[in-house]
Each structure stands twice: as structure tokens, then as C-alpha cells.
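S.K.:
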Amino acid sequence: MQFQEGPSESTDEFSNGSNSDMGDEVTWIEWFCHLKGNEFFVEVEDEYVQDDFNLTYLNKDLQEYYNVDVYRESLNMILDYDDGDMQITEDDRSMVEQGAQCLYGLIHARWILTARGLAAMMEKYNTYVYGSCPLLDCHAQNQAVLPVGITDVVGATGAKVYCPRCKEIFHPKSSKLEVIDGAFFGTSFPHLFFLTYPNLKPTTEPRNYIPRIFGFKVAGHVRSSLRVASGKKTFLEDLEKKKKEKNENKEEPQPGAQRAGGLDSSS
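Residue numbers (this note's numbering): 2 to 268.
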């Protein structure tokens, strides 16, 4: 999981427009979501972040990941809140900035399960922000995909994409999406999305590929026989190997037997 440096006066890092296009004052959330590579995120409303109930247990998740408590400082940074009682040294600022981006990702995973969050993600889905399915038949239908995490644990793996047509998970085409932590989208999002918007769920399923040899279909029982024969061959080879090892162990003289034999011969 890669993190960006904190807000600066430079506008080169923005993916769309500049500070002047977004207004004179740019909030931390606006800055973060407009960074190059972060266009996959949607902006979480301040009211949602300010509600402690929505952030339940996230302080523990953040502390377990960083092994230090940067939750309060990170939350203040997200909300652009200047706490005069809480001074951040230059050495700690980098850690707090990373903590703020990680915390925002965890909040984002919860926000996109709400009605307004799902609506914001629908706009990105309809405009193919996350790409299309790489499966041949789905790609021919230009089937859009949605981001998904294969685990809700922070730092475990990058984001993947889910295709609602073939119901498979793939590596995203965009390397920028794959470096985003999968926990920032969560394991439930795409499935709840299509329950909420059933009209967006594909009505057709991809056609299964049919293997052919010289234009003729390979019969199912032939393929099964080949698999069974291959498995049987491997099993017999393993069995023969075990028998050979067993016989070699039997042929080796036992130390105890030699000593016993030596005593008998002396008597």
C-alpha cells in the first residue's frame, strides 16, 4: 500500500484541474481524492466522518497496523481540525499523514455501503472508472467491473475487481488501483451494490468455451478420462516410490542386530 505526501501548494499532483478549479480552499478529503491514482475513491461527507458511531473500532484497526496510536491526529487531519493542544513534531508528521490516508480508506469502505456512498460509486461504475472485465466474452460485451477486497484486513492484499456477469474476481488492469489496499473497498461492496441497483445487474451470462480438435468438440467423458488417467498415473508413481523406499529401509542392517550377532559368535 503506497501513500502520498501531504497537501502542498503544488498543483501538479492533482488528477483533474487545479486548486483554482476546486476553489480557493481545498479540504483534505478533496485533496486526497483528486490525487493521481486516487480517482478510484469517492469523497466521504464530513458529517459522516464527524459521527463517532460510524468510526467504531477503527482506532483499534489503525493502531494494530501501525503499532502506534495516531488515530486522533489522523482524524483531525482528515477533518482539517487544528487542535492547539496536540502538537505534531516533524518526525511524527509523516506517520500521521500515512495514518490519515489509511484511516480515510477504512472510513471509505464503510461509506460506500451507505445509500449516498453507493450512489457515488454508481457514477464511477457507469463511466468505467474501474475498467471492464478481461474475460473474452464479457470484454466483448464491454462489461464494467467494480472494486473489491478479498479480505477486510488492512495491509493483506491490494484491491481486485469483480465482474457481475461472470461473477469472477480479477486483477485490475490499472496498476494504480491494485496498489490501493483492498480493505479500502471491503469484501461486501459489489454484492450490496447490485442488490441496491438490480437494474444494473447483467441479464446474460458468458458463454462457456468449448474445446475442439480439428473442429470437433472434445467429448466430456474423454476430458474426464484424461484427467482420471493422469491422476491414476501420478498415484501409481507415488505408490511405487513409497514401496521402493520401504524396501531400501528394510535392506539396511539394524545396529542392535549386529551387536547381538557379535555376542552370539563369541560364545
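Ideal placement from N, C-alpha and C gives every residue a C-beta, glycine not left out.
Mind checking who residue 163 pairs with in its DSSP beta bridge?
M.R.: In the DSSP output, where bridge partners are listed per residue, residue 163 has 147, 170.
S.K.: Is residue 156 buried or exposed, if buried means 16 or more other CB atoms sit within 10 Å of its CB?
M.R.: Residue 156 should be labelled exposed.
S.K.: Quick check on residue 75: buried or exposed, where buried means 16 or more other Cβ atoms within 10 Å of its Cβ?
M.R.: So residue 75 counts as buried.
S.K.: Which runs of the alpha helix (DSSP H), 4 residues or longer, sit entirely within the segment 171 to 217?
M.R.: The segment 171 to 217 contains these whole alpha helix (DSSP H) runs: 176 to 179, 190 to 197.
S.K.: Let me check understanding here. Comparing Cα to Cα, which of 135, 59, 140, 159 lies closest to residue 149?
M.R.: Per the Cα distances, 159.
S.K.: Can you tell me whether DSSP reads residue 114 as helix, strand or coil?
M.R.: Reduced to three states, the DSSP call for residue 114 is coil.
S.K.: Give the single residue among 180, 182, 190 whose Cα lies nearest to the Cα of residue 165.
M.R.: The shortest Cα separation from residue 165 among 180, 182, 190 belongs to 190.
S.K.: Exposed or buried, what is residue 104 when buried is set at 16 or more other beta-carbons lying within 10 Å of its beta-carbon?
M.R.: Buried: at least 16 other Cβ atoms inside 10 Å.
S.K.: Which value, in whole angstroms, describes the spacing of the CA atoms of residue 77 and residue 212?
M.R.: Going by the C-alpha atoms only, they are around 58 Å apart.
S.K.: Please confirm whether residue 69 and residue 108 have their CB atoms less than 8 Å apart.
M.R.: In this structure, residue 108 does not lie closer than 8 Å to residue 69 by Cβ.
S.K.: Identify, in the order they occur along the chain, each residue of the same chain with its Cβ nearer than 7 Å to the Cβ of residue 167, setting aside the five sequence neighbours on each side.
M.R.: The answer, listed in chain order, is 134, 136, 139, 207.
S.K.: Does the distance from the C-beta atom of residue 182 to that of residue 106 stay below 8 Å?
M.R.: Cβ atoms of residue 182 and residue 106: closer than 8 Å.
S.K.: Hey, out of 80, 111, 249, 145, whose CA is closest to residue 33's CA?
M.R.: Checking every option, the nearest Cα to that of residue 33 belongs to 80.
S.K.: Taking C-alpha atoms, which residue in 123, 172, 64 lies nearest to residue 97?
M.R.: Nearest C-alpha to residue 97: 64.
S.K.: Which residues in the same chain as residue 178 place their Cβ atom closer than 6 Å to its Cβ, once the five residues preceding and following it in sequence are excluded?
M.R.: So the qualifying residues of the chain are 41, 160.
S.K.: With distance defined between alpha-carbon atoms, name the residue in 44, 199, 131, 247 nearest to residue 110.
M.R.: Residue 110 has its Cα closest to that of 44, out of 44, 199, 131, 247.
S.K.: Measure the CB-CB distance between residue 188 and residue 153 and report whether it falls below 8 Å.
M.R.: Their beta carbons are under 8 Å apart, which means residue 188 touches residue 153 by this criterion.
S.K.: Three-state secondary structure (DSSP) at residue 36?
M.R.: In this structure, residue 36 counts as strand in the three-state DSSP scheme.
S.K.: What residues match up with residue 95 in a beta bridge as DSSP calls it?
M.R.: In DSSP, residue 95 forms no bridge with anything.
S.K.: Output yes or no for whether 8 Å exceeds the beta carbon distance between residue 132 and residue 175.
M.R.: Yes, the Cβ-Cβ distance between residue 132 and residue 175 is below 8 Å.
S.K.: Who are residue 133's beta bridge partners in DSSP?
M.R.: 145.
S.K.: With DSSP as the reference, label residue 31 as helix, strand or coil.
M.R.: The answer is helix: DSSP assigns residue 31 an H, G or I state.
S.K.: What residues in its chain sit with their C-beta under 7 Å from that of residue 18, if we drop five residues either side in the sequence?
M.R.: Confidence in residue 18 is poor, its pLDDT being 48 and thus under 50, which makes the residue's placement unreliable; the coordinate value appears in the next sentence. None.
S.K.: Just the C-alpha distance for residue 95 and residue 62, rounded to the nearest angstrom, thanks.
M.R.: Going from the Cα of residue 95 to the Cα of residue 62 covers about 19 Å.
S.K.: Work out the CA separation of residue 72 and residue 151 for me, nearest whole Å.
M.R.: C-alpha separation (whole angstroms): 25 Å.
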